[in-house]
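Inspection log for the structure reproduced underneath, given as structure tokens.
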Amino acid sequence: MLTAILIMSGLALVIGVILGFAAIQFKAEENPLVDKIDAILPQTQCGQCGFPGCRPYAEAISRGEADINRCPPGGDEGIHRLADLLGMDAKPLGDGQAQAKAKSVAVIDEQRCIGCTLCLQACPVDAIVGAAKQMHTVIAKQCTGCELCVAPCPVECITMEALTEDITQWKWTYPRYDIKNSALSTDR
Ligand code: SF4
Ligand code: SF4
Numbered sequence: 695m696l697t698a699i700l701i702m703s704g705l706a707l708v709i710g711v712i713l714g715f716a717a718i719q720f721k722a723e724e725n726p727l728v729d730k731i732d733a734i735l736p737q738t739q740c741g742q743c744g745f746p747g748c749r750p751y752a753e754a755i756s757r758g759e760a761d762i763n764r765c766p767p768g769g770d771e772g773i774h775r776l777a778d779l780l781g782m783d784a785k786p787l788g789d790g791q792a793q794a795k796a797k798s799v800a801v802i803d804e805q806r807c808i809g810c811t812l813c814l815q816a817c818p819v820d821a822i823v824g825a826a827k828q829m830h831t832v833i834a835k836q837c838t839g840c841e842l843c844v845a846p847c848p849v850e851c852i853t854m855e856a857l858t859e860d861i862t863q864w865k866w867t868y869p870r871y872d873i874k875n876s877a878l879s880t881d882r
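Residues in the sequence shown are numbered consecutively from 695, following our numbering.
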């Protein structure tokens, strides 16, 4: 019995050492720039930039494989913050990209909802609650306004409603210093 315990403990120790060594040796080098870029992106995970979420887009920007002006939800302000971070010139939202839109949230007409769960599956941030054949509703606080749930709805009972800005949504806009005209602009 004691021999078995000693053998098992020895084996566990050896495996532990091997795993520890492997974790150090094969650790994927995190690029801190990706974290900084990702922190500026709006985390809507909507895919409007052409990438499957904000992180993959941040990685592509850090590798110089994608431009900084492909994120409509981030809008002009996001582009300026990325330009400042990367020491680049800001540019207007990318060609063919939808113009930056006012913040909005999805609203489900619960009377018309048939409970097919398609919107729930489409939502990248789990902002929709409901069950099969039951009414679905959107948790407005969690909704990023990415509109990914609108198209799949077979009864078209989801609408996007613009958020009216009040003290709870107001945030300090990122000042932009126009070097060429040496002017500070905080236009909203
Ligand atoms: S509820 Fe709709 S609009 Fe809101 S985050 Fe989910 S998919 Fe996007
Ligand atoms: S997709 Fe439309 S009908 Fe289906 S659960 Fe969502 S809101 Fe209801």
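Yeah, the Cβ is synthetic: ideal placement off N, Cα and C, and Gly gets one too. Quick caveat: nothing in here was measured; it's all calculated off a predicted structure.
Selection from the options that minimises the alpha carbon distance to residue i
i	options	result
ASP761	HIS830, LEU776, GLN828	LEU776
GLN815	GLY769, PRO846, PRO766, LEU779	PRO846
PRO848	VAL823, ILE802, GLU859, ALA821	ILE802
LEU779	VAL708, ALA716, LEU707, LYS730	LYS730
GLU889	HIS774, GLU753, THR838	An answer regarding residue 889 cannot be provided, because it is not within the stretch 695 to 882 covered by the chain.
LYS797	LYS835, HIS774, CYS817, VAL823	LYS835
LYS827	GLU804, GLY744, ALA717, SER756	GLU804
PRO746	MET829, CYS817, VAL823	CYS817
CYS813	MET695, MET702, ALA706, GLU850	GLU850
PRO726	ALA706, HIS774, ARG749	ARG749
Local Cβ density within 10 Å of residue i, reported as buried at 16 or more and exposed below that
i	result
ALA792	Confidence is the limiting factor: at ALA792 the pLDDT is only 49, short of 50, which leaves the residue's position unreliable, though a coordinate-based value still follows. Looking at its Cβ environment, which holds fewer than 16 other Cβ atoms inside 10 Å, ALA792 is exposed.
ALA733	exposed
THR853	exposed
ARG764	buried
ILE712	exposed
PHE720	exposed
THR697	exposed
ARG882	Reliability fails at ARG882, whose pLDDT of 49 lies under 50, so the model's placement of it is uncertain and the value that follows must be treated cautiously. That one is exposed.
GLY772	buried
PHE715	exposed
ILE755	buried
LEU700	exposed
Assumed close pair residue i, residue j - CB separation to whole angstroms, cut-off 8 Å
i	j	result
ALA821	ILE833	5 Å
LEU857	VAL799	6 Å
THR838	VAL819	6 Å
Query - Cβ pair count under 8 Å reaching 3, the segment 765–774 against the segment 807–822 - result: no
Report task. Write down every uninterrupted run of the beta strand (DSSP E) in the segment 826–866 whose length is 3 residues or greater and which is fully enclosed by it, in chain order. Result -> Secondary structure within the segment 826–866: the beta strand (DSSP E) runs of 3 or more consecutive residues, fully enclosed, are 852–856 (chain order).
Query raised in the report: Touching or not, the segment 835–845 and the segment 734–747, by the rule of three or more beta carbon pairs under 8 Å?
Result: At 8 Å Cβ cutoff, the stretches touch.
Query - Entirely enclosed alpha helix (DSSP H) segments - the segment 711–795, minimum 4 residues - result: 726–734, 748–756, 769–780
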